[in-house]
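Take a look at the structure set out below.
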Amino acid sequence: MVCLAGGFCYSWRMQKQNLVFLHGFPFNGSSWDAETQHFSREHNVLAPDLRGHRGGPDSPGPWFVEHFVEDLKSLLDQKGYAKMVLCGLSMGGYVALHFAQKYPERLAGLILCDTRADPDSNEAKDKRFATLQKIQADGLAAFAEDFSRSVLAESSLQAKPDLQKKVAAMITGNKQSSVAMVLGTLASRRDSTPYLAAIRVPTLVLVGDQDKITPVEVNQVLAKAIPGARLEVIPGAGHLSNLEQPELFQKKVEEFLRANF
Ligand code: MLT
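According to numbering that gives the first Met the number 0, the stretch in the sequence shown is residues 0 to 260, in order.
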């Protein structure tokens, strides 16, 4: 409750929003459980499993990021969400940027976390192929062990060993063939950079200060290219900033929502 001189009081509540959280590769909607619980008190929240991940849509491939965009559009139509604040982490951010370009009228705001707008370089494509070969040779569990370690900050690995196990379990909860397929999806994604200057909704960019996959500098470039975007660096987090620093992450999102809606 805020009271002004003269005794006029009003309660400072933000408008109820539709919030949609999109997870990274190759995780699932449960990576947003803490945010779902936190933000459901005041908002409508969805954190779907994306195509090929746990219970997400599945169909014979190949899959393009455009399929993920159409999956999301169908979900929003089904839920009756005319507009939403879309929050995507890493791969979720790629999907959010593609969605924003195709359906700008469905967007009230954008939160891009530990992500980038540019496509895979040749070197990144080579790395995808090497990852594919490694998964096919050694299996998903070996990949899950390595990848879960590479996405977390050293401090998270030391202080939160259960988190590394949880991340690895999300990876092995997927079908190996789907993880393999999505590697191709990511390698073939379009460049969203030319579109960034056209974004017209309030935008927040969040990044862990120890993110090795999409480092701070990459997110600085992203934020700079979006008119009016705000960049916040989350200390003590790697690539999975919401899982590594949930309170700080939620506070930044909360402040963004209060400031803009
Ligand atoms: C993710 O976390 O979604 C992945 O690191 C994205 C990628 O591999 O490009």
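A virtual CB, placed ideally from N, CA and C, is assigned to each residue, including glycine. Bear in mind the structure is a predicted one, so any value in this text is a computation, not a measurement.
| Asked | Found |
| --- | --- |
| Could one say the Cβ of Arg199 lies closer than 9 Å to chain C's Cβ atoms, at least one of them? | Structure shown: chain C not included; a single protein chain is present. |
| Does the segment 13-22 touch the segment 86-105, meaning 3 or more C-beta pairs lie closer than 8 Å? | yes |
| Can Ile212 be considered in contact with the ligand MLT, in the sense that its beta carbon sits closer than 8 Å to one or more heavy atoms? | yes |
| Given a threshold of 16 other Cβ atoms within 10 Å of its Cβ, counted over all protein chains shown, does Gly87 qualify as buried or as exposed? | buried |
| Could you check where the alpha helix (DSSP H) with Arg188 kicks off and where it finishes? | It is not in any alpha helix (DSSP H) - Arg188 carries neither H nor E in the DSSP assignment. |
| If you draw a straight line from the C-alpha of Thr130 to the C-alpha of Asp113, how long is it? | 20 Å |
| Going by beta-carbon coordinates alone, are Glu243 and Ala152 separated by less than 9 Å? | yes |
| In this structure, what does DSSP give as the bridge partners for Leu45? | Val19 |
| Could you compute how far the alpha carbon of Leu111 sits from the alpha carbon of Asp125? | 26 Å |
| Please list the terminal residues of the continuous beta strand (DSSP E) segment that includes Arg40. | Note, Arg40: premise wrong, no beta strand (DSSP E); not H, not E. |
| Please work out which residues of its chain come closer than 6 Å, Cβ to Cβ, to Tyr194, disregarding the five sequence neighbours upstream and downstream, and give them in chain order. | Gln100 |
| Apart from the five residues just before and just after Ala140, which ones in its own chain have a Cβ nearer than 7 Å to its Cβ? | Thr171 |
| Return the first residue and the last residue of the beta strand (DSSP E) that Ala107 is part of. | Leu106 to Cys112 |
| The alpha helix (DSSP H) spanning Met169 covers which residue range? | Pro160 to Thr171 |
| Return the residue from the list Leu71, Gly51, Phe38 and Phe98 that minimises the CA-CA distance to Ile198. | Phe98 |
| Considering only the alpha carbon of each residue, which of Asp161, Asp145 and Leu109 lies closest to Ala228? | Leu109 |
| Cβ of Phe344 within 9 Å of Cβ of Met169? | Only positions 0 to 260 of the chain appear in this structure, which leaves residue 344 out of reach. |
| Out of Gly54, Phe38, Ala179 and Ser120, state which residue places its alpha-carbon closest to the alpha-carbon of Arg189. | Ser120 |
| Start and end of the beta strand (DSSP E) containing Gly91? | That residue, Gly91, is in no beta strand (DSSP E); its alpha helix (DSSP H) goes Met90 to Lys101. |
| Between the alpha carbons of Val44 and Gly55, how many angstroms are there, rounded? | 17 Å |
| Can you give me the start and stop residues for the beta strand (DSSP E) that Val200 sits inside? | Val200 -> no beta strand (DSSP E), and no H or E assigned at all. |
| Between Leu247 and the rest of its own chain, which residues show a CB-CB distance below 7 Å, the 5 nearest in sequence each way excluded? | Ile233 |
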